[in-house]
Each structure stands twice: as C-alpha cells, then as structure tokens.
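S.K.: Residue numbers (my numbering): 306 to 595. All residues carry an ideal CB built from backbone N, CA and C; glycine is no exception. For clarity, every value in this text was computed on a predicted model and none was experimentally measured. If you scroll down you'll find the structure; I have some questions about it.
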Ligand SMILES: NC(=O)c1ccc[n+]([C@@H]2O[C@H](COP(=O)([O-])OP(=O)(O)OC[C@H]3O[C@@H](n4cnc5c(N)ncnc54)[C@H](O)[C@@H]3O)[C@@H](O)[C@H]2O)c1
C-alpha cells in the first residue's frame, strides 16, 4: 500500500503515546481513522483535539473482551465497508520486578490486554478484511523487550511481547500462504526513550485484577526518571512519537515486515542471542532493576 488517502484505519490504544502518534500521522496522510481505547476521557479528548486534522472518530473498546472487539469491527464495516489498516497497539506493562515476585493477577492483566487482546482484534477484523477483498495491512505492536531480547527486569511484559512478535510472524505467513490481499507487520516502538503513558499503565488496570501486594519497585513517572538520570549524568534521548509513526507508515509503503527505527541493530542483538542459544548457552543480559 503506497497511498493512505481515503483508507480506513483502526488504531487500538490510540488515545495516548505511540498509538496517538500513529493516529496523527495517519490523519495527515489522508486516512480516515477510528480510534479504539479503553480510557474514555483520553479518547474523547484526543478525538476532539484531532478533528480539525481529518476524519477521526472514537469507540470505547476494551480489547480484553472479544465481544467488544467484534462490536468495534461490526461498527467499522457497517460505517465504512472496509478496514485497510489495522493497528493492534493497545498494551500495558505491570512494571519492573523479579519474575518470582510477580503475581498471578499481573500475568492475568498484562496477558489479557497484550496477548489475548491482540488475538481478539485479529479474530474480529481479519475475517472481515479478507471477505472485503480489499488490500490491507495488520500491524501488531510488540516491543524489543521480549520481541527481540527479554529484559530481566520486566518478565511479565517481556513474555507478552515474545507472544506478540510470534503472533505477527505467524499471521504474516498465513496471510501470504493463503494468497490473501492482506499483509501483516510487527512494530517495535524504538529510536530512543518514548515519553508515553506506559509507566502509568496501571491507570487502566481493572480493580478485580488489582495487584495482590505492593510491587518490589513501584513505577516511576517520567519526571522522576529524568531527575534520576540527570543526577547520574546520563544523557537520555527521547524519540519523537510523530516521527516514529511516520517511520511506520514509510515501512508499510515499502511492504516491510518489521517496522520502527533501529531495525538493523535489533537484528544484530537477536543474532547474538541466537548464537549463544546455538552454543547451548544462556544469552546473558546484565541489568539492574529499574
Ligand atoms: N513506551 C515504550 O517504551 C514502548 C516500547 C515498546 C513497545 N511499546 C508498546 O507500545 C504500545 C503503546 O504503548 P504506549 O507506550 O503508547 O503506552 P500508553 O499508555 O501511552 O498507550 C497505551 C494505550 O492503550 C490503552 N489501553 C490500555 N488497556 C487497554 C485495553 N484493555 N483496551 C483498549 N485500550 C487499552 C490505554 O488507554 C492507552 O491509551 C503498547 O503495546 C506497548 O507495549 C511501548
């Protein structure tokens, strides 16, 4: 797909951060965008702020519910008869900590959103997208943390991203093998630190999945993190989220499977890991808890 003008795009988790950047870039490229997000006030505010930029609407959606994703897909196909660009991007993290100190509800919540949520979005949209006969692209947001290398301080989140990357690769192959007009990509948000709402993901954690006990290391706000880095004399680069989204759209135009910045570096990291595994060794990652 080279041209996004007039195309129908759906972005889950589009009310904030990486997803919000995608919505902005898609609107600027002329796509008509449906933003699906669980956080109604942020969703309403985003749609209001972006209305002047193009055709955008919001649908409150909890991706942990297949019925909600199916209702979203029904709405999109009733309203537009197509979906050309599907971004399964909603995601949460349960913060850092040792694997053995994570709790059953950490796993339940993060995997309900990141893993099963992605499955629900695919199950609801892809059959309809194939049936429409139109060309299209499914983009699954994953993370280098787990998608490339599992970082030792964020086991629950890393495991969910290993799953999301596997889902993207498997889906992309199936769509090609079946001769459909759909393609799939994996998106690794990258290019530097990303100032998004992920550190405060717990704002959307349902009360019934509240953590059983306090976390080993509570989440730090961006302000606190930056103060800490400054005190340590670290010069941390932030990636502009709109520029990141434009990189994603450019990758789609070029029919690439892996989307984002630093793709080559991620490949090298993975090669190193693969080589250790091939020697029967542990791919070592030495890192303090954040
Ligand atoms: N921020 C990073 O450093 C980073 C790095 C790599 C990957 N990612 C991935 O990027 C994606 C976007 O995260 P972000 O960093 O922009 O965080 P964010 O918190 O700014 O955005 C996530 C969005 O998902 C929504 N959401 C949460 N639970 C939901 C649910 N059940 N149903 C529907 N929407 C839900 C939130 O309301 C929010 O708008 C996530 O999948 C995340 O794992 C982020």
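So, at 6 angstroms on beta carbons, what are the nonlocal neighbours of residue 490 in its own chain, with the 5 sequence-adjacent residues on each side left out?
M.R.: Same-chain partners within the cutoff: 444, 562, 564.
S.K.: Apart from the five residues just before and just after residue 371, which ones in its own chain have a Cβ nearer than 6 angstroms to its Cβ?
M.R.: Contacts found: 425.
S.K.: Determine which residues share a DSSP beta bridge with residue 498 and list them.
M.R.: DSSP, once it has assigned bridges, lists 543 as partnering residue 498.
S.K.: What number of angstroms, rounded off, separates the C-alpha of residue 446 from the C-alpha of residue 582?
M.R.: Going from the Cα of residue 446 to the Cα of residue 582 covers about 25 angstroms.
S.K.: Alpha carbon to alpha carbon, how far is residue 463 from residue 541? Give it in angstroms, no decimals.
M.R.: The alpha-carbon atoms of residue 541 and residue 463 are separated by roughly 22 angstroms.
S.K.: Buried or exposed: where does residue 554 fall if 16 or more other Cβ atoms within 10 Å of its Cβ makes it buried?
M.R.: Buried is the call here.
S.K.: Measuring alpha carbon to alpha carbon, tell me which residue in 330, 460, 470 is nearest residue 409.
M.R.: When each option's Cα is compared against that of residue 409, the closest is 460.
S.K.: Are the CB atoms of residue 560 and residue 488 within a distance shorter than 8 angstroms?
M.R.: Yes, these two residues count as a Cβ contact at 8 angstroms.
S.K.: What's the gap between the Cα of residue 435 and the Cα of residue 307?
M.R.: Taking the straight line from one Cα to the other gives about 19 angstroms.
S.K.: Return helix, strand or coil for residue 492, following the three-state DSSP convention.
M.R.: The answer is strand: DSSP assigns residue 492 an E or B state.
S.K.: Do residue 411 and ligand 1 come close, with the Cβ less than 7 angstroms from some heavy atom?
M.R.: Checking the Cβ of residue 411 against ligand 1 gives no.
S.K.: Relative to the C-alpha of residue 406, which candidate in 556, 519, 590 has its C-alpha closest?
M.R.: The shortest C-alpha separation from residue 406 is found at 519.
S.K.: With DSSP collapsed to three states, give me the class of residue 393.
M.R.: Here residue 393 sits in strand by DSSP.
S.K.: If you measure from the CB of residue 509, is any heavy atom of ligand 1 nearer than 7 angstroms?
M.R.: Yes, Cβ of residue 509 sits closer than 7 angstroms to a heavy atom of ligand 1.
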